[in-house]
Amino acid sequence: MEAKFSEIFEKIKNILESSAPKKSEICGLTGASFALLLSWFHHKDKQIIYIAQNEEKAKSFYEDILFFKEYFFNQNREKDLKVHYFPPRDTDIYEEFSPDQEIASQRIECLLEMIKGKGIFITVPSSLQLFLMPKEYLEDKFREIDTGDLIDRDELIHYLISTGYKRRDFVEQRGEFSVRGGIIDFFSGNYEYPVRIELFGDEVASIREFDQFTQKSLRKILTASILPVREVVYDEKYYMLKEKFLSKFPELIETNYAKKILRLIEEGEYFQGIENYLPLFYSSKSSLFDYFSEDALIILDDKKSILKTIDENYKNYEIAREENIRRGIPSLELDELALNKEAVNEKLLNFDEINLSPIPSDENSIKVDIKHTDFLHIDELKRTDRFYSVAKEIKKYRDEGFAVFISAASKARGERLIKMFMDYNLSIGFLKERKFDILQFDYKSPQPPLILIGFLSEGFISEDLRLVFVTEKDIFGTKREIYRKKTVTPVKSASTFESLKEGDYVVHTEYGIGIFKGIQSMITEGRQIDFLLIEYSGGEKLYVPIDNFHLVQKYIGVKGTKPVIDRLGGTGWIKRKERVQKAIDSIAKELVELYALRQMSKGFAFSPDDNWLREFESKFEYEETPHQAKAIEEVKRDMESPVPMDRLICGDVGYGKTEVAMRAAFKAVLDGKQVAVLVPTTILAHQHFKTFQERFSGFPIRIEMFSRFVSKKYQKKIIDDLEEGKIDIVIGTHALVINRLRFRDLGLLIIDEEHRFGVKHKEKLKNIKKDVDVLTLTATPIPRTLQFSLMGIRDISIIETPPEDRLPIKTFVSAFNKNIIRKGILNEKERGGQIYFVHNRVQSIEAMKNFLEKLVPEIKIGVAHGQMKTSELERIMIDFINKKFDLLLSTTIIESGIDIPSVNTIIINRADKLGLAQLYQLRGRVGRSRTQSYAYILVPHDKAMTKDAIKRLRVIEETTDLGSGFKVAMHDLEIRGGGNILGEAQSGQIAAIGYDLYCKLIRETIAQMKGEEARRVECKIELKTDASIPTSFIADSMKRVSAYRRISEIEDFNELDELKKEFIDKYGPLPPSFEKLFLIAALRIKGREMFIDSIAEDSEGIIFNFSKQFKPSENLLNKILSCEKYKVRFRNENSLLLKADDLGKDKTEIALSFIEYLN
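Listed below in structure tokens is the structure:
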């Protein structure tokens, strides 16, 4: 039965308003047309369940609904239409893994919304099959806390533990909570940010959301709601778990696996794969159907296909169960965990149903005539011809009275489209009204096409509604990845003090390198004071008081070097510091002179942006991150200046440095200049060549690669063509800087990882750099201390904002398991990706290859290890990049390798033998693109692991890229970054005195050479006052050390005020002795400003010892001599005594009050 699109609206409306279950079938709804229809007529009191064929289609439909909800309205529709995505578990039943915490939280939040009733819920077939926690359990465990409520702190802690939350020092990820006095933090799945509850006694004084990265409060909220964070939780009310387990698996109870599970159950510990025993935890179980409203409408995206998927899932579950039983793993009957096809079909009978079928199943099927926008896909044409054709088609529909809407991912991309179509005489604009009635649109006269900001999966054309929806995919021929905008925090390394532990090497600025022996409290003149204890050569001990903590840093040298322990009172430390200072003076002088020389040089000023460059930029299929956009603008500004550019772009792999470089290259070529891209390895040359070719496709620009993989004959042709100007961009290794390679008109040199080139090649580069614009790229981060030091002598652009849609790597730790290996490999192959398999023993790598070939005969395997010849290794890597095989079996040589976006699964064998930093870096080889990536960390079955190995594996499993563990790991990279920019020769200097002190000396030396403020005095406070952090307030000794250090490092009052607010925010009201620390810090800051070396006290009063830099004005001297409020006298020309007759008042307050009087 044929029907117009507009007639379907009435059909849906009838179903929504009917009381009896109705079954309908609709065919021909293409693109996002059904999302428009559903968002249009959704009734406020109706629950709609949409079952997509797979996860990708479910996410697309979710985005489409949100898109149409944002722009179009209907008076009969609920204005605040709720749309929810219920994600499938990212693990299958019978696997030894639990679902990702983020996904588990999202699922539970969605289930609660289902219980409430109304809204549109989108999911996939497997969600209909797998059993869930009982509906009544979730209703019972949902909890709300209001400001002003009276609650029992200990009971709330017990509740959080019983609903699956893990206790941590600080909350960083969903499912965590922490307690510090009257402060309780938790991160529930129904919040974008974690929540902080502050108690005053038993009363809830305030509730705030806070940033998990900075731990600072963001905003106050009146109510906090708390949900379970796991689908399986330990709760004595619902189970007799151990007894159930024993009765279910009596024959397996002596197996190691069963014993391990029983032990974890007895300890109340969550374990991987705990969801496989869900029915044992509860007295009943629910399927997703039990959460639906009785009058819910279920829409199936091709029912036949969905039931087929459900049947295939069930068969796969059966196979997985059989394999588990064979391996002696306790496994419940399948019907206790999942529904089969027949059971699902039977449950569907109880609900209203619409089947969206690709073809009619009978004469009652409704056929709708909706057209695809495929006519806009003209990829075979040249780029300029394609845009002309797209513009022509849009004009045609506009002139015929159609309303044409174009989706753009952001305002910036929309503005680019406007400029681009202007070149083809097509005027388009933004939709000014955020909501309007599509049926009331004026179709009588041609309307200009309108841009709508948002994500739309596919365009479509409705003849009867006179509607055309066009997507960026229709225009550019490439599909943008779907992601929701979220707050992205730049990754920063943690303070090294936060990771300090007893036995670590430390550096005292005045006494040298020693061993940290902990924090020690001593009673001195009736006051308890905390000291850092440092042990030096010969067992000598140094007690560092809290106000001098800023003089101590954790020693970080060069990897593989062990420092020399100094002797207290010896001359070795002084001599080493002097030697390092000389080396720093030399390098700082060279940097300053090079910058000054370049500023006086005359270079080529490139033209401002034109339509060609705008068109090239519009082809970039992702949204620029803020830092990336800033770097692009800085590069353009440099290029348009007559002063030769010398800019460093620093950012992690995948953060968008190459896009910055390609835009610079395009800009240079437009002005007739040639571009050379210099890389350290043949593999990188090959990879950049491919990237440039793909990005520049459709534009008349010739790109060539010059490396040893290019034949001698073709190398000669490249040399000749470069000299004649026939090549626009050449990419190559150090071979590019040989004497026989000449350019007709080189305008831009792009250097990737310059620090990896040899000394001779660097000398050649210096000669080339003199006259052309230079852009240097590096992936190793530069520490912030050096960034600030180098300002004004080196142009640096830092890209530290990760792409908004980058997904955290899903990490699984498991015993070596053939099923897991096979499934992980095949899952990646099925989605068109590749796999790293790390086996760190060259001797047995061929045996592992044989094992994998038998286990997964469907894939091709390549082998790479450090004992191969360089040329052979390069060939293997290039073949892997070119996808000549699916899996690369290698040793840890890939740890610092190249970025291959198609590799999104890594399997690491014998991970127990690797260090934490190594595991981080290996895992970081994947997850560089916008595709979900997976890391499988494998350990042996029966071998006992050390406690340290278990701890490392737990950290790598639980910590996301942006977690605290990653921040600490970043520090090692920052050290390398500092060495790279300053030169390899500095490694010895860093090892001699430690990294932090080295950076401090660099900063001070460069500042002095630039004529900035000379080194400040350090004001020592030696007053007898009770200033300390009670152990009852911050129990962890190293957190107290970190707090002391942060306070002692403060340099201005704004920072001091912010830090005080942070501590109050995190810990609650400060005790008096902690408050006194901030008073001392304020006194130190004021003392520095007044050039006071120290403030001490004796029996007469308070003594102010001024430095030689102190030059008092006549006015200040008069103030001191005529002071009536205080009794003051000069002890000598650099010392002042303040008599303190009022002994009842704190000396710190008196001293601060006096300095403020002098100011």
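FYI, in my numbering the residues of the sequence shown are 6 to 1164. We treat Cβ as the ideally placed atom computed from N, Cα and C, and that holds for glycine.
#1: Would you kindly report the start and end of the unbroken beta strand (DSSP E) that includes Ser467?
#2: If we call anything under 7 Å between Cβ atoms a contact, is Ile334 one with Tyr262?
#3: If you count every other CB in all the chains shown that lies within 10 Å of the CB of Asn1123, and 16 or more means buried, which is it?
#4: Give the secondary structure of Ile732 by DSSP, where H, G and I count as helix, E and B as strand, and everything else as coil.
#5: Can you name the residues that DSSP bridges to Gly434?
#6: Can you have a look at Asn553 and say buried or exposed, based on whether 16 or more other CB atoms are within 10 angstroms of its CB?
#7: Report the residue from Val349, Phe250, Phe481 whose alpha carbon sits nearest the alpha carbon of Val129.
#8: If you scan the region 264-339 from start to end, which runs of the beta strand (DSSP E) of 3 or more residues do you find wholly inside it?
#9: Do you know how far the Cα of Glu1009 is from the Cα of Asp590?
#10: Grab the span of the alpha helix (DSSP H) containing Leu227 for me, first residue to last.
#11: The alpha helix (DSSP H) that contains Gln1165, what's its start and end?
#12: With a floor of 4 residues, list each alpha helix (DSSP H) that falls wholly inside the region 895-936, ordered by position along the chain.
#13: Once DSSP output is grouped into helix, strand and coil, what is the label at Arg652?
#14: Considering only C-alpha positions, which residue in the set Phe704, Gly737, Gly730 is nearest to Gln720?
#15: DSSP puts Ser1140 in a beta bridge; with which residues?
#16: Between Asp676, Phe714, Tyr941, Lys815, which has its C-alpha nearest His844's C-alpha?
#17: What residue from Val818, Ala417, Tyr1003 has the CA that sits closest to Ile592's CA?
#18: Going by DSSP, what residue range makes up the beta strand (DSSP E) through Tyr55?
#19: When you compare the CB positions of Arg652 and Ile814, do they come within less than 7 Å of one another, or not?
#20: With a 10 Å radius around its C-beta and 16 neighbouring C-beta atoms as the bar for buried, classify Thr816 as buried or exposed.
#21: State whether the region 354-362 contacts the region 449-469, with contact taken as three or more CB pairs (one from each stretch) at a distance under 8 Å.
#22: In chain order, what residues of the same chain lie with their CB nearer than 7 Å to the CB of Glu323, ignoring the 5 residues before and after it?
#23: If you drop the 5 nearest sequence neighbours on each side, which residues of the same chain put their C-beta closer than 6 Å to that of Glu2?
#24: CA-CA distance, Gly406 and Ile399?
#25: With a CB to CB cut of under 6 Å and the five nearest residues on each side skipped, what residues in its chain are close to Leu1143?
#26: Work out the CA separation of Asp105 and Asp240 for me, nearest whole Å.
#27: The alpha helix (DSSP H) that contains Cys1004, what's its start and end?
#28: Of all the options Lys478, Thr1030, Gln586, Pro568, which has the alpha carbon lying nearest to the alpha carbon of Leu1084?
#29: Taking the straight line between their C-alpha atoms, what separation do you get for Arg930 and Pro1117?
#30: Assuming contact is defined by CB atoms lying nearer than 7 Å, are Leu293 and Leu133 in contact in what I supplied?
#31: Checking 7 Å against the spacing of the C-beta atoms, do Ser44 and Ile70 come in under that value?
#32: Check each candidate in Thr228, Ala784, Gly543 and name the one with the smallest Cα separation from Tyr660.
#33: In terms of alpha-carbon separation, which member of Ile637, Asp904, Leu267, Ala37 lies closest to Ser462?
#34: Here's the rule: buried if 16 or more other CB atoms are within 10 angstroms of the residue's CB, otherwise exposed. What is Val847?
#35: Going straight from the alpha carbon of Ala414 to that of Lys424, what length do you get?
#36: For the region 689-718, which segments carrying the beta strand (DSSP E) assignment without a break, of at least 3 residues, lie completely within its bounds, in sequence order?
Let me spell this out:
#1: 465-467
#2: yes
#3: exposed
#4: Residue state, collapsed to three classes: coil.
#5: Leu455
#6: buried
#7: Val349
#8: 302-305
#9: 10 Å
#10: From DSSP, Leu227 is part of no alpha helix (DSSP H); its letter is neither H nor E.
#11: Beyond the ends of the chain as shown, which are 6 and 1164, falls residue 1165; an answer cannot be given.
#12: 921-928
#13: It is a strand residue.
#14: Gly737
#15: Assignment of beta-bridge partners to Ser1140 by DSSP yields Asn1110, Asn1137.
#16: Tyr941
#17: Tyr1003
#18: 52-56
#19: no
#20: buried
#21: no
#22: Leu339
#23: Only positions 6 to 1164 of the chain appear in the structure, and residue 2 is not among them; the question remains open.
#24: 11 Å
#25: Excluding residues up to 5 positions away in sequence, Gly1106, Ile1107, Tyr1131, Val1133, Phe1159 lie with their Cβ nearer than 6 Å to the Cβ of Leu1143 in the same chain.
#26: 21 Å
#27: 1000-1014
#28: Leu1084 has its Cα closest to that of Thr1030, out of Lys478, Thr1030, Gln586, Pro568.
#29: Going by the C-alpha atoms only, they are around 60 Å apart.
#30: yes
#31: yes
#32: Of the listed residues, the one whose Cα sits closest to Tyr660 is Ala784.
#33: Ala37
#34: exposed
#35: Ala414 and Lys424: Cα-Cα distance of roughly 16 Å.
#36: The region 689-718 contains these whole beta strand (DSSP E) runs: 708-711.
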